[in-house]
Amino acid sequence: MASPRSRLALLLAAVVAAILVAITACGKPAPRAAAPSSSPPSAAATAPAPSPSTGSDPASRAAALVKTLSDEQLAGQVLMPYAYGSSATDVSAASAAGNQKLGKVDTPAQMVQKYHLGGLILVGFSADDPTSTNQATTNVDNPKQITALTGGVQQAAGGQAPILIGTDQEFGTVTRIKTGVTVLPSAMALGAANQPKATQQGWSVAGDELRAMGLNVDFAPDSDVLSTADGGVIGSRSFGGDPKAVGDQVAASVKGLQSAGVAATLKHFPGHGSTASDSHTALPVISKSKADLDKTDLVPFKSGIDAGAQLVMSGHLDVKSIEPGVPASFSHKALVDVLRGQLGFKGVVVTDALNMEPAEQWPAGEAAVRALNAGNDLLLMPPSVDGAYNGLLNGLHDGSLKKDRLVEAATRDLTLRFSLADAQAGPDHNVLAAQSHLSVASGLAGAAVTQLRGQCAAPVKGPVSVTTSGGRATSKATLEKALKSAGVQVVPSGGRVVHLVGYGDGPGDLNPKADVTVAMDTPYILGSATSPTLVATYSSTPDSLKALAQVLAGKQKPTGKSPVPVPGLPRSVC
8 MASPRSRLAL LLAAVVAAIL VAITACGKPA PRAAAPSSSP PSAAATAPAP SPSTGSDPAS
68 RAAALVKTLS DEQLAGQVLM PYAYGSSATD VSAASAAGNQ KLGKVDTPAQ MVQKYHLGGL
128 ILVGFSADDP TSTNQATTNV DNPKQITALT GGVQQAAGGQ APILIGTDQE FGTVTRIKTG
188 VTVLPSAMAL GAANQPKATQ QGWSVAGDEL RAMGLNVDFA PDSDVLSTAD GGVIGSRSFG
248 GDPKAVGDQV AASVKGLQSA GVAATLKHFP GHGSTASDSH TALPVISKSK ADLDKTDLVP
308 FKSGIDAGAQ LVMSGHLDVK SIEPGVPASF SHKALVDVLR GQLGFKGVVV TDALNMEPAE
368 QWPAGEAAVR ALNAGNDLLL MPPSVDGAYN GLLNGLHDGS LKKDRLVEAA TRDLTLRFSL
428 ADAQAGPDHN VLAAQSHLSV ASGLAGAAVT QLRGQCAAPV KGPVSVTTSG GRATSKATLE
488 KALKSAGVQV VPSGGRVVHL VGYGDGPGDL NPKADVTVAM DTPYILGSAT SPTLVATYSS
548 TPDSLKALAQ VLAGKQKPTG KSPVPVPGLP RSVC
């Protein structure tokens, strides 16, 4: 044992060292993204590391960490908003104004720190995206920018577990990141190819590239089963209309994404595939019996859960056979009795965006409390971060939100974050759009092409001219180039007419003089086409149009089969 004089010397040395550290720290300039001094540090940064006795598995680490968190820190763990700006710390005046309105801060980094956020979603506005109505900003541009943004956000969060950073990378009409990465064809194209192993490989590619840019959650795959005559509001975001086949594709997608360390999300529970109205702007009503739901809509969710999906997104849907008049996203019966009880889901339940019309019937704070009480664990895109955060704290104070429920939700969220931390890897941009990845996407697009009328695989004879519905100049140019590469003569007019139609088009967009009509989105429109040859690609990616050119040139057989019925047409003539 040391003498009293030795102990005194050690104590004096420690004090001097502490003073020197403090002086050094005070001399450093504050980073631009630092939260205001009145804001406490992030939850993960202030919490001590769990002791070895608590265990090293993610659940044990999460449970130990949650015990150390204040109410303010707990409230932030269950929030996953969006923020304005393409950088964590350096934003435009307009983006700063947007963040002030959303969360009374200037930058994404400050928002993460002020509210102790458990996650952040990257959004991307696009006029031809069916989800664009609630995308008030865009913060995805290119891989380099995205990687810097995600890195800055994680640096701002600090701590032991990475926060959740996700986006909607479904592919097809809902694709946030479009440049510098491998772009898969739509879910419906994968359903037409009906090759689950290839689907799994494709989503593994997608996961590798998302992870390389610092994203660890994908709000995909869409698990809805189509059961309307025209595909309803979901359309080609779905793998198709057969519950078992959709379930196989969903399970393959989950396995692929999560093999790359990216958490998959099944959506929109308990199924959005039979609705004509859009839950962004109205509350769709689903009048199916519970038995019908069990046989159809719930099947892919069960398949995805059995495949290990780490998240399920609750949909803003009025499901009459579960809890009439209450959106499933706010229904304890839907989320606890059915999702957890009947289907056995043990992961994180995340709301669909809370800035959508059905959720905005309540103020942000009340909606946050209601959503947690219903069984959600993560609150996505509240219309006011400050309102949601303070609403949760007020709920704890007035008893409308029980502390145990908040702790349970935060523990699930942190368990997921620790799980993803174990798979965390540094950014490797060498995988982005790598040739091996591009080959996988090309193969998937080629396997999807379907011929629904005409002589199977017969080449188009003579010169070809390409026409399109409005606004599809890029697709036209891509197909023309691909046809020329395939050895087909392309003329401005007067040849055999190949007409392209896509997302949002109706019978009025068809060309009655076309020899070949091609559906680049859902195939339903082909039921109204009079062309002697009908083809579906289900996507308008360059790979899909190159595969189409090969089919039209007679160099590739269209092996796909329509994953949904089109009245008057077979699933395939090949």
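Sequential numbering of the sequence shown, starting at 8, is according to our numbering. We put the CB at the ideal spot given by N, CA and C, even for glycine.
In DSSP terms, what residue i is bridged to
i      : result
VAL508 : ALA526
ARG460 : LEU541
GLY173 : ILE128 and VAL224
PRO334 : ASP325
THR474 : HIS506
PHE178 : VAL181
MET388 : DSSP, once it has assigned bridges, lists no residue as partnering MET388.
ILE293 : VAL326
LEU86  : LEU386
MET320 : VAL357
Neighbourhood of residue i by C-beta, 6 Å cutoff - its chain only, sequence neighbours within 5 removed
i      : result
GLY453 : ALA554
LEU559 : VAL467
PRO228 : VAL257 and SER260
VAL112 : ASN106, MET118 and LYS121
PRO549 : THR485
GLU413 : A small correction: the amino acid at residue 413 is Leu; Glu does not occupy that position in the sequence shown. Here the set comprises LEU81.
ALA543 : THR457, ALA526 and PRO530
Sequence-distant residues of its chain with Cβ nearer than 7 Å to residue i (five each side left out)
i      : result
TYR396 : ALA82, GLY83, LEU86 and TYR122
PRO150 : GLY187, VAL188, MET220, HIS436 and LEU439
ASP561 : Note that residue 561 is Gly in the sequence shown here, rather than Asp. Closer than 7 Å at the Cβ level, and outside the excluded window around GLY561, lie ALA464, ALA465 and PRO466.
LYS410 : LEU403
VAL392 : LEU86, PRO88, LEU109, GLY110, MET118 and TYR122
Three-state secondary structure (DSSP) of residue i
i      : result
SER426 : helix
THR419 : The question names Thr, but residue 419 in the sequence shown is Arg. ARG419: helix per DSSP, three-state reduction.
MET195 : helix
LEU552 : helix
GLY357 : Looking at the sequence itself, residue 357 is Val, so the reference to Gly does not match. VAL357: strand per DSSP, three-state reduction.
VAL635 : Past the boundaries of the shown model lies residue 635; the chain is included only from 8 to 581, so the question cannot be answered.
VAL447 : helix
ASP229 : strand
VAL467 : coil
GLY515 : helix
VAL73  : helix
TYR91  : coil
ALA371 : helix
ALA455 : helix
PRO307 : helix
SER547 : coil
LEU350 : coil
VAL188 : coil
SER569 : coil
SER234 : coil
LYS564 : coil
ALA584 : A query on residue 584 cannot be resolved here, the shown segment of the chain reaching from 8 to 581 and no further.
VAL376 : helix
ASP97  : coil
LYS520 : coil
LEU299 : The question names Leu, but residue 299 in the sequence shown is Asp. Of the three classes helix, strand and coil, the one that applies to ASP299 here is helix, per DSSP.
ASP64  : coil
ALA366 : helix
ALA536 : coil
Terminal residues of the beta strand (DSSP E) in which residue i lies
i      : result
THR206 : THR206 -> not in any beta strand (DSSP E); alpha helix (DSSP H) instead, spanning 203 to 219.
VAL438 : Where VAL438 is concerned, there is no enclosing beta strand (DSSP E), given that its DSSP letter is neither H nor E.
Span of the alpha helix (DSSP H) around residue i
i      : result
VAL392 : 392 to 405
LEU408 : Counting along the chain, LEU408 falls outside any alpha helix (DSSP H), and DSSP gives it neither H nor E.
ASN383 : Counting along the chain, ASN383 falls outside any alpha helix (DSSP H), and DSSP gives it neither H nor E.
ALA314 : Segment: none, ALA314 is in no alpha helix (DSSP H) and carries neither H nor E.
ARG578 : Unbroken run through ARG578: none, as it is neither H nor E.
Same chain, Cβ closer than 8 Å to residue i, five either side skipped, listed in chain order
i      : result
SER482 : THR475, LEU507, GLY509, MET527, SER547 and LEU552
VAL573 : LEU459, PRO530, TYR531, LEU533 and GLY534
Give the list of continuous alpha helix (DSSP H) stretches no shorter than 4 residues that lie fully inside the region 100 to 169. 100 to 110, 115 to 121 and 150 to 164
Taking only runs that begin and end inside the region 240 to 288, name each unbroken alpha helix (DSSP H) of 4 or more residues, in chain order. 250 to 266
Which ranges would you report for the alpha helix (DSSP H) in the region 476 to 504 if only whole runs of at least 4 residues count? 480 to 492
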